[in-house]
Structures are given as C-alpha cells and as structure tokens.
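So the protein sequences, as listed, match chains F and L.
In terms of the numbering used here, the first sequence has 683 at position 144, counting the first letter as 1, and numbering is strictly consecutive.
In terms of the numbering used here, the second sequence has 63 at position 21, counting the first letter as 1, and numbering is strictly consecutive.
Using N, Cα and C, we set each Cβ at its ideal position, and we do this for glycine too.
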Amino acid sequence: MKYVDEYRDPKVIREIAAEIARVAGERTFRIMEVCGGHTHAIYRFGLEGLLPKGIDFIHGPGCPVCVLPMGRVDEGLAIAADPRVILTAFGDMMRVPGKHGSALEHKARGADVRMIYSPLDALALAQKNPEREVVFFAIGFETTTPSTALTLLRARELGVTNFTVFCNHILVPPAIRAVLDSGDVTIDGFIGPGHVSTVTGANAYRFIAEEYRKPVVVSGFEPVDILQATLMVVRQLVAGEAKLENEYNRFVPAEPNPAATAAMNAVFAVRETFEWRGLGMLPKSALGLRPEFAAFDAEVKFATRGVIAPDHSEAQCGEVLRGVLKPPQCVLFGTQCTPEHPIGALMVSSEGACAAHFQYALTPALAGT
Amino acid sequence: MCLALPAKIVAFPENESGIAVVDVLSVERRVNVDLLRNETLAIGDWVLLHVGFAMAKVSETDAREQLELLAMLGEVGEARDQLVS
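So, in structure tokens, the structure goes:
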C-alpha cells in the first residue's frame, strides 16, 4: 500500500525519535496517552524503545472495559439469570471477569448471552424475539455513546417494548481530571484520543491546557502520528507552553458532531457519580438514561441494585490505571494474571496496558526492523 | 474498540433513510449513517465505522491507511468475527 508508507516509514520514525531526543535533551517528561487504542499501538510498534530514557509514556484510563468496576460487571451479568433475558454485549466485554465469572462463563452455565457488533443488532434481536427481553450491556466512551443513543431513539420510534440498555457509558474529561487531581503521579503532558475526538471534537480537551496548564496533542494511531504528537508535546514543554494542538486533523474536527450531540442529549443525562475501577467514585463522570427513557432502562426494568465488588485482593489494576505502577510491577502480572486467565480487566482487552505489555513487550522496536 | 473500521458504501436501500449498505473487511452490512446527515454521501464513498454507525467520511487514501493499521495491530480477524456474529 503505497499510500500509507509515510506513516510508518522507519527512516521517518527514526528522524522524529532523534528530534524528540534532541529537543528533550536531559530533561525527563511523563506523557499520558489517554486512549486504549494508543496504548495498543505504542506497544505493538515498540515506540517506548525508540524514545530517550527521559520520556516515559504513562498509559491512561482510556479502555472502557478496563475501567468498568467488577460490581457493574456482576450487576449486568446478574440480569442474564432471568430466563426471559437475552443479554447482548460487544466482544471486548465477553471475557471481562466478574466476581462470579465472565459473560462467557455465564453463557457456559446456561445464560443466554450473545456477542454483537452493534447495538442495532441487539434491537433487531428484540424485534425478532418479542417473547424475550433483550438487554444491551452498553459500555464505551463518547465514541460509542451516540450509537446507543440513536438505537434507543429508533427503539422508541418503532415502539419496541422488550429492549433495554444496561448503561455504562462514561466520559473522558472527568477521568483525565481525576488523574490530574489525584496527585499520585505527575503527568507533564497528554496525547489526546483519536477516534473519540471525531465525535467530541478536539476542543473537548482544551481544559487540560487552560485549567491545568499542561500540553495536549490529539493524535492518530500510526507510529508517525504518535511520535509526532509526542514531539509536539515535548516542544511545548521545553518552551514552557500549554496549548491544545491537533496532530490528527485529517480525521478530527475542532467542534463536536452536532447529530451525535443532539442524540446523546436527548437520551442521556449525566449521573451524579459513577464508580471507575482504579479511580473510585468520580462525580459527573458517566451517563444514565433520562427518566423519559425509563422503559428502556435495564436498571429500572430489572430493579438492579448497585453492587460494589472489590477487585482481587492482590491485583493492582488501580495503580496501573493511574500510572503509579507499570504492568509488570503488579505482583500478579504474567503469573496468576495472563491473557488466557485474566484476573483484572487490563489483561483482557488488547487496549488494556497489561494485555498489550504481555503480548508485545518483547517485540523489537519498529525502527530496528 | 477505539479503532474505527473503514467501510465503502455499496448501496442505499430504497425507502429507508439513514441507512447504507457497506463493504467492511469484505463483509456486507447495513449500517446507520445518521451521524453524517450533514455530509453528502454517495456509492463508492468511504466512511469510518464504529459499532455499526458511520462516524466520519474519509478519503480512500485515509481509509486504506486505517485498514493497513488494523492489519498491523492484528485486529482484522477479531473485527470480522464480530461483524458476522
């Protein structure tokens, strides 16, 4: 594919890495990539190995299954115990461990749990099975939320009465604020989410520069994108600047998608508080269905009760999510907790820092290939 | 799941607004295009797809770039499994 070579040309990659080293000099900077897609790409392409020692990537809380607390997993899966229920979920969700097993394990024990690609598939399943109750276990950040919103608007328009959503939609900015406010680790600058930002617009991250005085650069997922964004963050840091920049403007606009915003506002309201794995209860960090959509709210229809379930006592998912520990520093990493037998959700998804580290940490850096 | 799939529009079903048929990783699927209601969409256009919804109209070059990236990240097989699930 001739078109794309420029984004992963080893010569270009080496040049940008050298420029980062030249600009940074002896300084040390900790740069958080917020999005799980970036985490995956950083490991896959061995980008950490290309950077000077003083530049450290901190893997942020941007993988939606990774930050879903175990209590919410249990609460959602408990709905599937009702024999009328068909519980539907994205593939990423199927192996996330709850206290009583994952969705796949519930399925093996007889629950009707099905993997779907789109919330529209769940709605279609409800229409095909009017005698059953179809529940969609909704997860995801601002990229995914409009899809659930449009599906619910469609369900209401069609008058479907056997379709509900167990809503776990969460918001990126409050998670960034939580990390910055926690004081656990000092983050010097941010690489902002890529595709999430096609929905939110890059301006959603302006607060990082304006309120926290930290550079933030929205980035694509190619090796050259991520290194270029890193260079832009480093240049700002060395110059003492704190600006929002958009390295990924071939995809990401400045302003939010108006149709997505309208659909989300029609269906969802911000919850007062929501639990995040590793970050605890965060105010105004998640969305729930508006009262007008109560008939489509699985929490109302199935009268779920908030479940709080602590993580495995030795698992250190929270410390890894906040950037306090690197994945291999967790006592369970690679021994008790592996991609085959994940104890924490960070080991499940390829966007989780632990799974990515496990799979790719030994891969030679791209520039060396 | 943050990474979108490039898809090429192959048809618009009659009498259905907001729906397009696309070729995505060699799988033909109906997808929702409501988020792109301010764009002009035509057969042959490329869009970025996320959980069955088109999020952005992109050039063919950008679409092919994204396809290559997914292949390099080893996500094509899994994504295709989910599309046909």
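By the DSSP assignment, the beta strand (DSSP E) with Gly819 (chain F) in it spans what residues? 819-822
Would you verify that the beta carbon of Phe760 (chain F) is, or is not, closer than 7 Å to some beta carbon of chain L? yes
Is the segment 674-681 of chain F close to the segment 598-615 of chain F, with three or more CB pairs under 8 Å? yes
Would you list, in sequence order, the uninterrupted beta strand (DSSP E) runs of no fewer than 3 residues that lie entirely inside the segment 815-893 of chain F? 819-822, 826-828
Sequence ranges, beta strand (DSSP E) only - wholly within the segment 48-95 of chain L, length at least 3: 61-66, 69-74, 88-92
Quick check on the DSSP output: what are the complete beta strand (DSSP E) runs of length 3 or more inside the segment 578-603 of chain F, in order along the chain? Entirely contained in the segment 578-603 of chain F, the beta strand (DSSP E) runs reaching 3 residues are, in chain order, 594-598.
Cut-off 6 Å between Cβ atoms - residues of its own chain near Pro792 (chain F), not counting five sequence neighbours on either side: Gly740
Closer than 9 Å, Cβ to any Cβ of chain F: which residues of the segment 60-85 of chain L, in chain order? Gly60, Arg71, Arg72, Val73, Asn74, Asp76, Leu77, Leu78, Arg79, Asn80
Contact set for Pro153 (chain L): own chain, Cβ-Cβ below 6 Å, skip 5 residues either direction: Residue 153 (chain L) lies beyond the stretch modelled for chain L, which goes from 43 to 127, so this question has no answer here.
Could you give the residue range of the alpha helix (DSSP H) that holds Glu107 (chain L)? 102-114
Taking only the alpha-carbon atoms, compute the straight-line gap between Val773 (chain F) and His880 (chain F) and give it to the nearest angstrom. If you take the alpha carbons of Val773 (chain F) and His880 (chain F), they lie about 38 Å apart.
Taking Val583 (chain F) as the query, report the chain L residues whose CB atoms sit under 8 Å from its CB, ordered along the chain. Here residue 583 (chain F) turns out to be Arg, not Val, going by the sequence shown. Ordered by position in chain L, the residues that pass the 8 Å Cβ test against Arg583 (chain F) are Met114, Leu115, Gly116.
DSSP state of Glu117 (chain L), grouped into three classes? coil
If the cut is a Cβ gap below 8 Å, which residues of chain L does Phe790 (chain F) touch? By Cβ distance, chain L contributes Leu90, Ala98, Val100, Asp104.
Chain F partners of Gly94 (chain L), CB-CB under 8 Å? Residues of chain F passing the Cβ test: Tyr656, Ser657, Pro658, Leu659, Asp660, Ser686.
Select from F:Phe897, F:Val809, F:Ala628, F:Ala665 the residue whose C-alpha is nearest the C-alpha of Lys865 (chain F). F:Phe897
Assign Val870 (chain F) to buried or exposed, taking buried as 16 or more other Cβ atoms, counted over all protein chains shown, within 10 Å of its Cβ. Only exposed fits Val870 (chain F), as fewer than 16 other CB atoms lie within 10 angstroms of its CB.
Given that Glu120 (chain L) touches chain F, what residues does it touch there, using C-beta distances under 7 Å? Gly630
In whole angstroms, what is the alpha-carbon distance linking Gln108 (chain L) and Ile555 (chain F)? 21 Å
Which residues in the same chain have their Cβ closer than 6 Å to the Cβ of Met540 (chain F), if we skip the five residues on either side of it in sequence? At Met540 (chain F) the pLDDT is 37, less than 50, meaning the model places this residue with poor confidence; the figure from the coordinates comes in the next sentence. Closer than 6 Å at the Cβ level, and outside the excluded window around Met540 (chain F), lies no residue.
Whole runs of the alpha helix (DSSP H) within the segment 726-805 of chain F, excluding any shorter than 4 residues: DSSP runs (the alpha helix (DSSP H)) wholly in the segment 726-805 of chain F: 735-739, 745-749, 762-778.
Just to confirm, is the Cβ distance from Gly891 (chain F) to Cys602 (chain F) under 7 Å? yes
Using a C-beta to C-beta distance shorter than 9 Å, which residues of chain F count as neighbours of Glu58 (chain L)? Neighbours of Glu58 (chain L) on chain F: none; closest Cβ ~12 Å, over 9 Å.
Quick check: Leu710 (chain F) and Ser824 (chain F), are their CB atoms within less than 7 Å of each other? Yes; because the gap between Cβ atoms is below 7 Å, this pair is in contact.
Tell me the rounded alpha-carbon separation between Thr877 (chain F) and Asp87 (chain L). 41 Å
Quick check: the Cα distance between Ala688 (chain F) and Asp123 (chain L), rounded to an integer number of angstroms? In a straight line, the C-alpha of Ala688 (chain F) is about 24 Å away from that of Asp123 (chain L).
Give a yes or no on whether the minimum CB-CB distance between Leu47 (chain L) and chain F is below 7 Å. It does not: the Cβ of Leu47 (chain L) has no partner Cβ on chain F nearer than 7 Å.
What's the gap between the Cα of Ala842 (chain F) and the Cα of Val673 (chain F)? 15 Å
Consult DSSP for Ile655 (chain F) and reduce its assignment to one of helix, strand or coil. coil
Can you round the beta-carbon distance between Val724 (chain F) and Ile594 (chain F) to whole angstroms, since I take them to be within the 8 Å contact cut? No, Val724 (chain F) and Ile594 (chain F) are not in contact; Cβ-Cβ is about 15 Å, not under 8 Å.
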